[in-house]
Structures are given as structure tokens and as C-alpha cells.
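Below is one structure, written out as C-alpha cells; comments come after it.
In this note's numbering, the protein residues as written are 135 to 309.
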């Protein structure tokens with residue numbers, strides 16, 4: 135049974151790898167490491183774990199991003215994997231993707247690239263046939279999302295105040 139599960143995991147990861155790399159390269163084109171590879175390994179205790187590797191263009195240099203990349207770069211790898219899996223998952227009818235402050239530690243260029251990836255997935259013919267819910271405490275990121283998604287069927291909620299009467303919320307977008 136364990137071999138069947140491991141084989142199924144490997145198959146899913148192999149199917150996702152190209153899309154994961156497409157998202158990764160659109161958000162952040164690393165100057166040296168251009169390819170994300172995913173492998174499952176089995177520990178001595180018999181449990182499966184995911185090994186994430188990044189390769190250079192020639193494939194000769196392989197690193198574990200957790201030990202080599204900055205916090206922002208590791209976050210971009212994680213977002214690329216998560217978005218790829220979430221956009222293409224078919225094992226449930228869940229049509230909502232929830233992201234809480236996905237741009238942590240990213241610089242402005244990576245944030246804009248990340249928003250552009252989300253927007254291109256949301257546009258007609260894109261990969262996003264799901265509801266996307268983003269939460270953030272970053273006002274600049276919120277305003278940028280409003281600007282980039284202004285022509286799409288998007289709604290934004292801004293929590294202005296909170297007191298004993300509850301939250302004061304301002305909304306933007308579709309009614």
C-alpha cells in the first residue's frame with residue numbers, strides 16, 4: 135500500500151512540476167537556480183516526505199532552497215508549489231483558494247510579478263476557475279491589488295476600525 139501511495143505522490147508531483155516552474159519563473163527569475171524539482175523520500179521510520187531541490191541551468195548544481203535561498207525566495211518557491219497544486223487540484227470540489235499575507239518578505243518587483251500571475255490566472259482563458267481570497271495587513275499591497283484587479287470581477291474589503299460595535303468595513307468592487 136505504501137508503494138502505491140508513494141507512486142501516486144510521485145506522479146502528481148511530476149505532473150505539477152512544469153506548472154510550478156512556470157509560476158516560479160514569472161514571480162522570480164533567480165539569477166542562477168532556474169528549476170524546481172520535487173521528489174518524495176521515505177524516512178527510516180517509513181514516512182513519506184517531500185524533498186524540494188533547485189537546479190542551475192546545466193543541472194550540475196543542486197541545492198535545497200531552505201538552506202540556500204533568502205526568506206523571500208523560499209516563500210516564492212512555496213507559493214509557486216501551493217498555487218500550482220491549488221489551481222489544478224481535482225480531488226475535491228473546493229473552488230476557493232485562501233492566501234494569508236502571501237507576499238511576506240518579497241520586494242516590490244516580486245510583489246508586482248506575483249499579482250500579475252494571479253491576475254493572468256483570473257482573466258478569461260486563465261487557469262483560475264476558482265474564487266481567490268487574499269488577506270493582508272499591508273495597505274500598499276491592498277491598494278495595488280485594487281488597481282491591478284479593477285477590470286475584473288473582484289471585491290475588496292478594508293477593515294477601517296474595530297470597536298465594541300464590531301468592525302467598520304469599507305468595500306470596493308462588485309456589489
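Note that beta-carbon positions come from the ideal geometry of N, C-alpha and C, so glycine has one too.
- Around the beta-carbon of residue 167, 16 or more other beta-carbon atoms lie within 10 Å, marking it buried.
- Annotation for residue 289: 305, 306, 307, 308 place their beta carbon closer than 8 angstroms to its own, counting only its chain and skipping 5 residues before and after.
- Between residue 189 and residue 147, the gap from beta carbon to beta carbon reaches 9 angstroms or more.
- With at least 16 other beta carbons inside 10 angstroms of its own, residue 211 counts as buried.
- For residue 280, DSSP assigns no beta-bridge partner whatsoever.
- When Cβ pairs closer than 8 angstroms are counted between the two stretches, the stretch 235–246 is seen to touch the stretch 195–209, the count reaching three or more.
- Distances from the alpha-carbon of residue 200 to those of 178, 219, 170 put 170 closest.
- A Cβ-Cβ contact shorter than 9 angstroms links residue 157 with residue 218.
- Taking all protein chains in view, the Cβ of residue 279 is crowded by 16 or more other Cβ atoms within 10 Å, so the residue is classified as buried.
- By the Cβ neighbour-count rule, residue 162 is buried, with 16 or more other Cβ atoms within 10 Å of its own.
- If one requires a minimum length of 4 residues, no alpha helix (DSSP H) run lies completely within the stretch 168–201.
- The alpha-carbon separation between residue 155 and residue 149 amounts to approximately 11 angstroms.
- In this structure, residue 249 and residue 282 form a Cβ contact; the two beta carbons are roughly 5 angstroms apart against a cut-off of 8 angstroms.
- Look at residue 294 here: in three-state DSSP terms it is strand.
- Within the same chain, 230, 231, 232, 233 come within 8 angstroms of residue 267 by CB-CB distance, once the 5 residues on both sides are set aside.
- For residue 164, the closest C-alpha among the options 227, 139, 141, 191 is that of 191.
- Following the DSSP letters along the chain, one finds residue 234 inside the beta strand (DSSP E) bounded by residues 230–234.
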